[in-house]
Amino acid sequence: MILVGSQRGGAGDLARHLLKEENEHVLVHEMRGFAAEDLHGAFKEVEAMACGTQCQKFLFSLSLNAPPGERATTEDYEQAISKVEAKLGLANQPRVIVFHEKDGRRHCHAVWSRIDAEEMKAIPLSYSKLKLQEVSRELFLQHEWQMPRGLLHSRDRDPRNLTLAEWQQAKRSGQDPREVKALIQDCWTASDNRQSLQAALREQGLRLARGERRGHVVIDREGETYALARWAGVKTKKVKAKIGAPSLLLSIEDARADLARDELTGLEKLRRDQAKRTKALHDKLQTEKRGQIEKHRQERAAFNAKLKQRSEAEARERQARLRTGMRGWLDRLTGQRSKTIKQNEMEALKALQRDRRLSDAFAFGQIEARRQTEQRHKAALDCIRNLGREIGKDRKHAVRASQRPGQSQTHEHQASNRSKLAEIRQRRAKRAQSRSQAQPVRRNRGPTMTP
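The numbering of the sequence shown is this note's numbering, which starts it at 661 and goes up by one.
Spelled out as structure tokens, the structure:
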């Protein structure tokens, strides 16, 4: 059982948190040691008592969660709470136990007062985190649950604790080359000239462009280039005769940007449609969820009313065993009344345990139904959200591709750079020639004679 505890103040905020309506079912299971009959009044009592001390965090709040897929009964939670308060030194302190159910999951909250009423000081809670971990390990071993690695060995804990779905994205699969070749050949066969070939390729999400080394190429959505003559299975002369000179076509970069702009238009429409479908599915699932929650609340109320009615009837039956008048006086003398009282107490305890088992079984049935509904809803939403993320990913790629500069501008920049480089080389050559002409001629005076 996962135990998370903290010291805190804020009596009103904590009471509102424990009773918040976003939970499907809220049950105040126990209130011990308080004069008030509601959570707000009980926590206000502790806050008023803390005014006589210097304690600011006068409450200790504990959250108890069973492992996913495991069932913990009310008695299991009570035993865990008893172990915790014994470990932390909170035994016999005023406490509150509240059960929450939400999205097919049941968990428990326990809140203790830290103020010792006799000594008027706060009970210290040193190393509470380590103590809770020890109790949690004991509970996992006791119930034979699979213990988390982080609880078994603290060095294995992952503070990020993120799911794979928050990091994993679907990768685009590569296209089959045979399908690409058949597609280009079909477009070539169905066209008569350059305009019809461009229209046929555009229908298939392809573009005709001017290649750098090969004259005529085809561009796909991934930015890959395919030599038209090779992939269409025809001669280069035949390609030039049908299409014309490569200079009539867009450059590779311009063709990619044009393809990206067309794809971006389609993705924008698809993204809007996907957002509408996501919202419609979410609203539908929320309506179904609210209907199931309301149905479960009505069933829970009817079940609890039946249990209460039977409990009251059994209590009246046990009370009727205690005779009054002369017979009651004789029962006191003979000791029969004390035997009857003990019998009634045993039967009342067994009835309480029986009703708790029935309540837990009924709650577990509803929790399982809610869990299955939540899993089905999560699967449906994950499917449509993954598709939306994939569309968004392709849209970002299309936006970047559509904003790239054209290849024609690149060629112009390269040509201007080459001309500037040629001019610089010419100027350097002229300066070198002028320096060589201006250098004075050194006369040869012959060898120097030593006297």
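Glycine included, C-beta positions come from ideal geometry on N, C-alpha and C.
As the structure is a computational prediction, the values presented were derived from the model and not from experiment.
- Residue pairing by DSSP places residue 1054 in no beta bridge whatsoever.
- Closest option to residue 754, judged by alpha-carbon separation, among 781, 733, 719 and 728: 719.
- Counting C-beta pairs closer than 8 Å gives three or more between the region 770 to 779 and the region 719 to 731, which meets the contact rule.
- When C-beta atoms of the region 727 to 736 are compared with those of the region 991 to 1009, fewer than three pairs fall below 8 Å, so the two segments do not count as touching.
- Counting along the chain, no alpha helix (DSSP H) covers residue 681, and no H or E run does either.
- Taking every protein chain shown into account, the CB of residue 943 has fewer than 16 other CB atoms within 10 angstroms, so this residue is exposed.
- Across the set 990, 805, 879 and 935, the C-alpha of 935 shows the shortest separation from the C-alpha of residue 1050.
- Collapsing the DSSP output to three states places residue 912 in a helix.
- Counting every other CB atom within 10 Å of its CB across the protein chains shown gives residue 913 a total of 16 or more, marking it as buried.
- When beta bridges are read from the DSSP output, residue 886 appears opposite 878.
- With 16 or more other CB atoms across the displayed protein chains lying within 10 angstroms of its CB, residue 715 is buried.
- No residue range can be given for residue 777, since it is assigned to no beta strand (DSSP E) and is classified by DSSP as neither H nor E.
- In this structure residue 880 touches residue 865 by the C-beta definition: roughly 7 Å separates them, less than 8 Å.
- Per DSSP, reduced to three states, the secondary structure at residue 703 is helical.
- When 931, 696, 1006 and 1090 are compared, the shortest CA-CA separation from residue 1053 is found for 931.
- According to the DSSP secondary-structure assignment, residue 769 is paired through a beta bridge with 723 and 758.
- Residue 740 sits away from residue 807, with the two beta carbons spaced by 7 Å or more.
- In this structure, DSSP gives residue 1047 a helical state, which the three-state scheme calls helix.
- A distance below 7 Å between beta-carbons, with the five flanking residues on each side excluded, links residue 663 to the following residues of its chain, in chain order: 722, 724, 744, 792, 795 and 796.
- Taken through DSSP and simplified to helix, strand or coil, residue 783 comes out as coil.
- Residues of the same chain with a CB within less than 6 Å of the CB of residue 1037, apart from the 5 flanking positions on each side, are 945 in chain order.
- Listed in chain order, the alpha helix (DSSP H) elements of length 4 or more contained wholly in the region 921 to 964 amount to none.
- Under the DSSP definition of a beta bridge, residue 746 lacks any partner.
- With fewer than 16 other beta carbons inside 10 angstroms of its own, residue 787 counts as exposed.
- For residue 1022 and residue 968, the gap between their C-alpha atoms comes out near 15 Å.
- Less than 7 Å separates the beta-carbon of residue 785 from that of residue 748.
- The region 973 to 988 makes no contact with the region 1028 to 1037; the number of CB pairs closer than 8 Å stays below 3.
- Exposed is the label assigned to residue 951, since fewer than 16 other Cβ atoms lie within 10 Å of its Cβ.
- Looking from the CA of residue 876, the closest CA among 1056, 929 and 868 belongs to 868.
- In the displayed model, residue 691 falls within a strand according to three-state DSSP.
- Here residue 666 is bridged, per DSSP, to 721.
- Just so you know, the alpha carbons of residue 750 and residue 983 end up roughly 43 Å apart.
- Per the C-alpha coordinates, the member of 919, 673, 852 and 895 positioned closest to residue 878 is 919.
- The residue among 764, 765, 885 and 769 with its C-alpha nearest the C-alpha of residue 757 is 769.
- The continuous beta strand (DSSP E) containing residue 868 extends over residues 867 to 870.
- Separation of the CB atoms of residue 1045 and residue 938 is rounded to 7 Å, and the pair is thereby assigned contact status at 8 Å.
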